[in-house]
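Start counting the sequence shown at 13; every next residue gets the next number (my numbering). Written out below as structure tokens is the structure these notes cover.
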Amino acid sequence: MKFEQLLNHFDSGICVEQLQKESLLDLALLFVGVDGVISESELAVVKKWADTLSWNSAVKLDDYICDMTGKCVLAVKSDDIEAFIQHRMKHIVDKPMREFAVKLAHRVISADGKIDSNELAAMSVLEDQV
Numbered sequence: 013m014k015f016e017q018l019l020n021h022f023d024s025g026i027c028v029e030q031l032q033k034e035s036l037l038d039l040a041l042l043f044v045g046v047d048g049v050i051s052e053s054e055l056a057v058v059k060k061w062a063d064t065l066s067w068n069s070a071v072k073l074d075d076y077i078c079d080m081t082g083k084c085v086l087a088v089k090s091d092d093i094e095a096f097i098q099h100r101m102k103h104i105v106d107k108p109m110r111e112f113a114v115k116l117a118h119r120v121i122s123a124d125g126k127i128d129s130n131e132l133a134a135m136s137v138l139e140d141q142v
């Protein structure tokens with residue numbers, strides 16, 4: 013069933029748009045935990061932005077955020093941050109959305125009032141992808 017749904021959405025551009033939204037959300041969630049701490053203020057920035065999305069997925073937005081937060085924590089713990097960023101940026105094809113990813117990441121890391129070296133290093137990798 014999901015494969016049929018995927019095929020039906022290809023022509024309408026929904027898949028590309030949804031994939032870009034998911035990739036933006038993935039990146040934002042990575043920046044919540046890239047410093048090794050899941051800050052409630054940073055997570056609140058992401059959730060507030062995510063609530064504005066027209067989410068078109070079989071997975072509920074809240075479930076997606078919870079699952080992806082765990083995957084981001086694993087990426088940080090296994091030091092796969094650069095590969096994570098590069099992989100997600102491959103799915104963001106629109107230049108304005110790539111630029112928005114950087115702005116969103118800046119908002120996220122600034123939300124707790126502290127920017128550490130891991131956040132700066134990850135931001136540098138992200139900016140290099142734009």
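Note that beta-carbon positions come from the ideal geometry of N, C-alpha and C, so glycine has one too.
Quick check: what's the CA-CA separation for ASN68 versus GLN32? Position 56 of the sequence shown, counted from the start, is the residue given in the question as residue 68. Position 20 of the sequence shown, counted from the start, is the residue given in the question as residue 32. Each residue's CA atom was taken as its position, placing ASN68 and GLN32 some 12 Å apart.
* Could you pull the start and end residues of the alpha helix (DSSP H) that TRP61 belongs to? => Start at 1 with the first residue of the sequence shown, and residue 61 comes out as number 49. For TRP61, the enclosing alpha helix (DSSP H) begins and ends at 52-62.
- Message: Measuring alpha carbon to alpha carbon, tell me which residue in ILE104, ASP128, ARG119, LEU132 is nearest GLN141.
- Response: As a working note, residue 141 is residue 129 in the sequence shown. Ranked by how close their Cα comes to the Cα of GLN141, the residues ILE104, ASP128, ARG119, LEU132 have ILE104 in first place.
(message) So, with DSSP's three-state summary, where would you put HIS99?
(response) Residue 99 sits at position 87 when you count from the first residue of the sequence shown. Helix.
**OP:** Could you tell me the distance, in whole angstroms, from the CA atom of CYS78 to the CA atom of VAL85?
**Re:** To locate residue 78, count along the sequence shown from 1; it is residue 66. To locate residue 85, count along the sequence shown from 1; it is residue 73. Taken atom to atom, the span from the alpha-carbon of CYS78 to that of VAL85 is near 11 Å.
- Task: Classify VAL58 as buried or exposed, calling it buried when 16 or more other Cβ atoms lie within 10 Å of its own Cβ.
- Result: Walking along the sequence shown from the start, residue 58 turns up at place 46. Buried.
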